[in-house]
Amino acid sequence: MRWVIWHVRIERPPEPPLVFPAWTEPGTADPGIAPAPEPGPAAPAVPGWLERLRRLINPPPP
18 MRWVIWHVRI ERPPEPPLVF PAWTEPGTAD PGIAPAPEPG PAAPAVPGWL ERLRRLINPP
78 PP
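If you read the sequence shown in our numbering, its first letter stands for residue 18, the second for the next number, and so on.
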């Protein structure tokens, strides 16, 4: 006779709730944390290698 184990249920304790530090609350920033930098110039919409690949697959008309 052959025994087959179909599944094993492993009981895990419930995960503790996530507790965020107070400095993540709006208006309570830690003075030691630098402010986010200003956004720079926008990146090109399509990377150069992707544009070259598109032209290789579908060349523009002459």
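C-beta: ideal position from N, C-alpha, C; glycine also.
Where ILE22 and PRO30 are concerned, what is the direct C-alpha to C-alpha distance, given to the nearest angstrom?
So the two alpha carbons sit approximately 24 angstroms from each other.
What is the DSSP secondary structure of GLU68, reduced to helix, strand or coil?
Looking at GLU68 - three-state DSSP - the assignment turns out to be helix.
Rounding to the nearest angstrom, what Cα-Cα distance links LEU35 and ALA62 in this structure?
37 angstroms
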